[in-house]
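Novice:
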Amino acid sequence: DAGITQSPRHKVTETGTPVTLRCHQTENHRYMYWYRQDPGHGLRLIHYSYGVKDTDKGEVSDGYSVSRSKTEDFLLTLESATSSQTSVYFCATIGQPYEQYFGPGTRLTVT
Amino acid sequence: AQSVTQPDIHITVSEGASLELRCNYSYGATPYLFWYVQSPGQGLQLLLKYFSGDTLVQGIKGFEAEFKRSQSSFNLRKPSVHWSDAAEYFCAVGAVLTGGGNKLTFGTGTQLKVEL
Numbered sequence: 001d002a003g004i005t006q007s008p009r010h011k012v013t014e015t016g017t018p019v020t021l022r023c024h025q026t027e028n029h030r031y032m033y034w035y036r037q038d039p040g041h042g043l044r045l046i047h048y049s050y051g052v053k054d055t056d057k058g059e060v061s062d063g064y065s066v067s068r069s070k071t072e073d074f075l076l077t078l079e080s081a082t083s084s085q086t087s088v089y090f091c092a093t094i095g096q097p098y099e100q101y102f103g104p105g106t107r108l109t110v111t
Numbered sequence: 112a113q114s115v116t117q118p119d120i121h122i123t124v125s126e127g128a129s130l131e132l133r134c135n136y137s138y139g140a141t142p143y144l145f146w147y148v149q150s151p152g153q154g155l156q157l158l159l160k161y162f163s164g165d166t167l168v169q170g171i172k173g174f175e176a177e178f179k180r181s182q183s184s185f186n187l188r189k190p191s192v193h194w195s196d197a198a199e200y201f202c203a204v205g206a207v208l209t210g211g212g213n214k215l216t217f218g219t220g221t222q223l224k225v226e227l
């Protein structure tokens, strides 16, 4: 257990609205990640952070932004939600050596 | 860029039978390889990892995997499957980032069904 919580765990929102998902970790890990999971695609990296205010894009970053103002929190924002962003979102941190630990996930439905 | 292929989308085995899940990777350097398991509605749990050294690695829950560089494979095995092993299994390859992190690329997963 890497002490990762995600909120909310479930959310239904309408197309065009902004949505923010929160990831909180208690282990003081430097690296944090956001993935989305879709059937037939496995997990795909959206954004990651390598420190406070230091972030970089993953392979499916369009339509998403992130922020990390504290070590323990990593926020994922959908600037204007679309139906294609209906997915399960996982946050992860990295322990030693190089092992990623995953949160419980957030199921987002965009109607 | 790295990639992972899991050629089997679904596998069904009988309880007590042996299991092998296939994973092939593409990566330009020495790979860091992982197997994760996901039960329905849950997050991912790390089963085992390979970084270097012995090519046969042992993991939790009685799983093992063998790294074969010549075949670019990292297949997961278990000698006797239990009904509780029914889940989805993901293989991943990691690229090391400066400063101690890594980026994982996942396969599309293999759904394991266990028949009683």
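Here the protein sequences line up with chains A and B, keeping their order.
Counting from 1, one number per residue, gives the positions in the first sequence under our numbering.
Counting from 112, one number per residue, gives the positions in the second sequence under our numbering.
We put the beta carbon where it would ideally sit given N, CA and C, even for glycine.
Could you name each continuous alpha helix (DSSP H) segment of 4 residues or more that falls completely within the region 150-200 of chain B, going from the start of the chain to the end?
Specialist: Whole alpha helix (DSSP H) segments, 4+ residues: zero.
Novice: Should residue 45 of chain A be flagged as near chain B, meaning a C-beta pair shorter than 9 Å?
Specialist: True, the Cβ-Cβ gap to chain B drops below 9 Å.
Novice: Quick check: is the beta carbon of residue 218 of chain B nearer than 9 Å to any beta carbon in chain A?
Specialist: True, the Cβ-Cβ gap to chain A drops below 9 Å.
Novice: Please say whether residue 75 of chain A and residue 68 of chain A have beta carbons closer to each other than 9 Å?
Specialist: Yes, they are a contact pair.
Novice: Secondary structure at residue 129 of chain B, three-state DSSP: helix, strand or coil?
Specialist: Residue state, collapsed to three classes: coil.
Novice: Between the beta-carbon of residue 90 of chain A and the beta-carbon of residue 156 of chain B, is there less than 9 Å?
Specialist: No, they are not a contact pair.
Novice: Are there three or more Cβ pairs, one per stretch, closer than 8 Å when the region 136-145 of chain B is compared with the region 112-119 of chain B?
Specialist: A contact exists between the region 136-145 of chain B and the region 112-119 of chain B.
Novice: So, for residue 126 of chain B: in the same chain, excluding its five sequence neighbours on each side, which residues have a beta-carbon less than 8 Å away from its beta-carbon?
Specialist: These residues qualify, in order along the chain: 192, 193, 194, 225, 226 and 227.
Novice: Taking Cβ positions, are residue 162 of chain B and residue 147 of chain B nearer each other than 9 Å?
Specialist: Their beta carbons are not under 9 Å apart, which means residue 162 of chain B does not touch residue 147 of chain B by this criterion.
Novice: Quick one: give me the first and last residue of the beta strand (DSSP E) that residue 50 of chain A is part of.
Specialist: First-last of the beta strand (DSSP E) with residue 50 of chain A: 42-51.
Novice: Quick check on residue 100 of chain A: does DSSP put it in helix, strand or coil?
Specialist: Strand.
Novice: Opposite residue 75 of chain A in the DSSP bridges: which residues?
Specialist: Beta-bridge pairing links residue 75 of chain A to A/22 and A/67.
Novice: Is residue 30 of chain A close to chain B? Criterion is C-beta to C-beta, closer than 9 Å.
Specialist: For residue 30 of chain A, the answer is yes, since a Cβ of chain B falls inside 9 Å of its Cβ.
Novice: Distance, Cα to Cα, residue 165 of chain B vs residue 204 of chain B?
Specialist: Each residue's Cα considered, the two are about 17 Å apart.
Novice: Within a Cβ cutoff of 6 Å, which residues of the same chain sit near residue 190 of chain B, ignoring the five residues on either side of it in sequence?
Specialist: Excluding residues within five positions, the ones whose Cβ falls inside 6 Å are 129.
Novice: Would residue 89 of chain A count as contacting chain B if we go by Cβ distances under 9 Å?
Specialist: It does not; no Cβ of chain B falls within 9 Å.
Novice: Return the residues of the region 139-162 of chain B that lie within a Cβ-Cβ distance of less than 9 Å from chain A, sorted by chain order.
Specialist: Hits within the stretch, in order: 143, 145, 147, 149, 152, 153, 154, 155, 156, 157, 160 and 162.
Novice: Would you please verify whether the beta carbon of residue 212 of chain B is less than 9 Å from any beta carbon of chain A?
Specialist: It does; some Cβ of chain A falls within 9 Å.
Novice: Report the rounded CA-to-CA distance for residue 41 of chain A versus residue 55 of chain A, giving the unit in angstroms.
Specialist: Roughly 24 Å between the two C-alpha positions.
Novice: When DSSP labels each residue in this structure, what does residue 117 of chain B get in the three-state scheme?
Specialist: It is coil, neither helix nor strand.
Novice: Closest to residue 207 of chain B by C-alpha separation, out of A/27, A/31, A/44 and A/61, would be which residue?
Specialist: Out of A/27, A/31, A/44 and A/61, A/31 has the C-alpha closest to the C-alpha of residue 207 of chain B.
Novice: Step through the CB atoms of chain B and report whether any lies within less than 9 Å of the CB of residue 104 of chain A.
Specialist: Chain B contact via Cβ: present.
Novice: Confirm, please, whether the CB-CB distance from residue 6 of chain A to residue 105 of chain A is below 9 Å.
Specialist: Result yes, Cβ atoms of residue 105 of chain A and residue 6 of chain A sit closer than 9 Å.
Novice: What does residue 201 of chain B touch in chain A if you count any residue whose Cβ is under 8 Å from its own?
Specialist: By Cβ distance, chain A contributes 42 and 43.
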